[in-house]
Amino acid sequence: MKYVMKSFNRKSLSPVHTFLSSTEAADIMGDQRSPDEKFQLITRNLQEVLGEERLKEILKERELKVYWGTATTGKPHVAYFVPMSKIADFLKAGCEVTILFADLHAYLDNMKAPWELLELRVQYYEQIIKAMLESIGVPLDKLRFVKGTDYQLSREYTLDVYRLSSMVTEHDAKKAGAEVVKQVEHPLLSGLLYPGLQALDEEYLKVDAQFGGVDQRKIFTLAEKYLPSLGYTKRIHMMNPMVPGLTGGKMSSSEEESKIDLLDKNQEVKKKLKKAFCEPGNVENNGVMSFVKHVLFPLHSEFIIKRDPKWGGDKVYTDYEEVERDFAAEQIHPGDLKASVELALNKLLDPIRKKFEMPALKKLTASAYPEPSKNKGGAKGNPKQTADEEEVIPSRLDIRVGKVISVEKHPDADSLYLEKIDVGEEQPRTVVSGLVAYLSQEQLQDRLVVLLCNLKPQKMRGIESQAMLLCASIEEEPRKVEPLDPPEGSAPGDRVYVEGYESGKPDDELKPKKTVFEKLQVDLKITDECFAQWKEQNLMTKLGQITCKTLKGGNIC
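Using the UniProt record's numbering, you'd call the opening residue of the sequence shown number 1 and step up by one each time.
What follows is the structure, encoded as structure tokens:
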């Protein structure tokens, strides 16, 4: 499974994409560029480069050899266009580029890909990534594709795994994989092997540099620390920024609402973009704006905002900073931004979707990602319900960051506030909370809070409350209560999870008779450092820990 393939150029594609011209195709190998020009092209739009001086030295002598690897787990989504655009830059700069389908890594990462599906997942990844590159005009004859198990099961590689495992501490291995390997309460040994294997890939693929997302940084530094101990050269490491998902967090294959699949139909793209967090004037953790910045602009030379003539008509942007300024100044409406992104995105996805209408690729997709078997028995007829239905675990809770948009006294209850809270959905939720005795309206207004969003809505003095605002409390007289605080920089809709339980899917609605929250609430506590925890595991978002201001040792209610 070793091939070679060419790159695409970031040519004007907005909203109609164009393919490489003959002049650009002739220039794609970078023969006409100086070492400095190649360096600028290779490093543009990267967040960080480890080993810049070594990179410059190599470019003065010869072309750079670089690889990008992807574990063949969940279906690739539109954020994969970010590394694709950098692969185009590498090829245009004359680099020799290898794409690694890391099938063994997919299995080691808590068996995200079952062993019997590994080969099928590799075939799917190969076809979908080729389709992505072709959709933006990239010729495929200057890329080399490699499957991990083609060399990772060899005697030499296996011996190096043992040699490396005798040097790397459990602490270093766990730390290196913290942002990449699925974190669970009782981690498997396989997850600790993952970072070391990724480090060894650099030597066995015979490259000068590895390219990946900034979430790989700890694995890269582990490679820099330990490869020289095996007698191997320290490599260069180049990192892309991570693209926020539609909900504001990392765009993830395992979180359906955070991403747009490459094979999503037009109506699915519309539906997901419509629900995406896109607060007027807010460019922070805005998944739609981030998509424009990290996907559309690197692939296009312009971006068109489509809008009604009475609102100023269409406007063409040739750099992202101008789009960001206008959106921050609320000169671009979120609805117009979403509609314009939808149009440009569908232009990218159309040729991919068309290719996967082929019967053979439809069959491959169904085989590589089979539908999960459904539980045919009801609760009474089949006492062996699924583990997720029976087990009382924190991942069943849909906890999110919210922002209080408005707060007023309940018209029929002096002790209750009536709040409108943005939780990253199209409309804010109505929340009734008993905080009048503990906080003023001014203290709540515009505050970021933490909410439990999948309790069954219930009426409180005639008004339906659609979520529960979570607070720390001290029950001693006089009782003290204060809302939990998300980390600085959080945005409405950010997911809150308990460490070790971040991968589970929340219940659509917690059934009151099952008392799931009540059972979990017993172990929700505030530490002496004011951190929120469940059974001594931190409540987290992608940006850090959930805290409270002062109520050390309190409960969470």
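Where a beta carbon is used, it is the ideal one built from N, C-alpha and C, also for glycine.
Distance, residue j Cα to residue i Cα
i	j	result
Thr-547	Glu-529	9 Å
Asp-215	Glu-488	19 Å
Asp-494	Val-423	8 Å
His-300	Thr-72	28 Å
Thr-158	Leu-296	41 Å
Gly-191	Ser-503	15 Å
Lys-427	Phe-277	According to the sequence as given, residue 427 is Gln; it is not Lys. Distance between the alpha carbons of Gln-427 and Phe-277: 10 Å.
Glu-475	His-171	39 Å
Ala-178	Lys-65	27 Å
Leu-364	Arg-353	14 Å
Gly-196	Val-97	22 Å
Thr-430	Leu-140	52 Å
Leu-133	Ser-415	59 Å
Asn-266	Arg-307	19 Å
Ala-379	Ala-339	Confidence at Ala-379 is low in this model, with a pLDDT of 43, below 50, so its placement is unreliable and the value that follows should be read with caution. If I take the Cα positions, the gap works out to 44 Å.
Ala-223	Arg-235	8 Å
Ser-12	Leu-345	Note that Ser-12 scores 31 on pLDDT, short of 50, meaning its location in the model is unreliable; the coordinates nonetheless yield the value given after this. So the two alpha carbons sit approximately 14 Å from each other.
Ser-473	Lys-403	20 Å
Gly-553	Lys-514	28 Å
Lys-347	Asp-314	18 Å
Lys-6	Met-84	With a pLDDT of 32 at Lys-6, under the threshold of 50, the modelled position of that residue is not reliable, and the figure given next carries that caveat. Each residue's alpha carbon lies about 11 Å from the other.
Which listed residue (the options) has its alpha carbon closest to that of residue i
i	options	result
Pro-280	Asp-308, Gln-458, Asp-336	Asp-336
Glu-126	Phe-356, Gln-267, Tyr-151, Asn-555	Phe-356
Met-540	Ala-102, Leu-104, Val-401	Val-401
Thr-287	Lys-272, Ser-301, Pro-298	The sequence shown places Gly at residue 287, not Thr. Comparing Cα-Cα distances from Gly-287 to each of Lys-272, Ser-301, Pro-298, the minimum goes to Lys-272.
Val-450	Gly-434, His-410, Pro-492, Ser-465	Pro-492
Glu-202	Lys-174, Ser-34, Gly-148	Gly-148
Lys-409	Pro-512, Pro-394, Ser-166, Gly-434	Gly-434
Leu-262	Leu-551, Lys-75, Ala-472, Gln-40	Lys-75
Gln-458	Ile-129, Pro-512, Tyr-438, Gln-537	Pro-512
Residue range of the beta strand (DSSP E) that includes residue i
i	result
Tyr-80	Here Tyr-80 belongs to no beta strand (DSSP E), and DSSP marks it neither H nor E.
Asn-538	537-541
Glu-482	480-483
Asp-414	413-422
Contacting residues, own chain, Cβ-Cβ under 6 Å from residue i (five flanking each side not counted)
i	result
Lys-525	Gln-533
His-237	Leu-50, Gln-210, Phe-220
Ile-58	Leu-64, Asp-208
Gly-69	Leu-100, Ala-102
Glu-324	Val-283
Leu-104	Gly-148, Thr-149, Gln-152
Asp-398	Cys-453, Asn-454, Pro-506
Phe-81	Val-295
Ala-467	Arg-429, Val-431, Leu-451, Cys-453
Proximity below 9 Å, CB of residue i to CB of residue j
i	j	result
Lys-86	Asn-285	no
Val-78	Leu-349	yes
Leu-469	Leu-510	no
Ile-304	Val-316	yes
Tyr-67	Leu-227	no
Lys-92	Leu-41	yes
Leu-188	Ala-173	no
Val-522	Ser-395	no
Ile-405	Cys-471	no
Val-243	Val-392	no
Lys-275	Glu-425	yes
Leu-359	Ser-135	Sequence check: residue 359 is Pro here, not Leu. For Pro-359 and Ser-135, no; Cβs fall outside 9 Å.
Met-167	Ser-229	yes
Spatial neighbours of residue i in its chain, beta-carbon cut-off 7 Å, leaving aside the 5 residues before and after
i	result
Lys-384	Low confidence applies to Lys-384: its pLDDT is 40, below 50, so where it sits in the model is not reliable enough to give any reading.
Val-407	Tyr-417, Glu-419, Gln-441, Leu-444, Gln-445
Ser-465	Thr-430, Val-431, Val-432, Pro-457, Gln-458
Lys-38	Gly-30, Leu-59, Ala-93, Gly-94
Proximal residues to residue i (C-beta, below 8 Å), its chain only, five neighbours per side dropped
i	result
Lys-549	Glu-482, Asp-485, Cys-530
Gln-35	Here residue 35 turns out to be Pro, not Gln, going by the sequence shown. Excluding positions up to five away in sequence, the list reads Lys-56, Leu-59, Lys-60.
Where the alpha helix (DSSP H) containing residue i begins and where it ends
i	result
Asn-286	Per DSSP, Asn-286 belongs to no alpha helix (DSSP H) and is neither H nor E.
Thr-43	35-43
Arg-307	That residue, Arg-307, is in no alpha helix (DSSP H); it is neither H nor E in DSSP.
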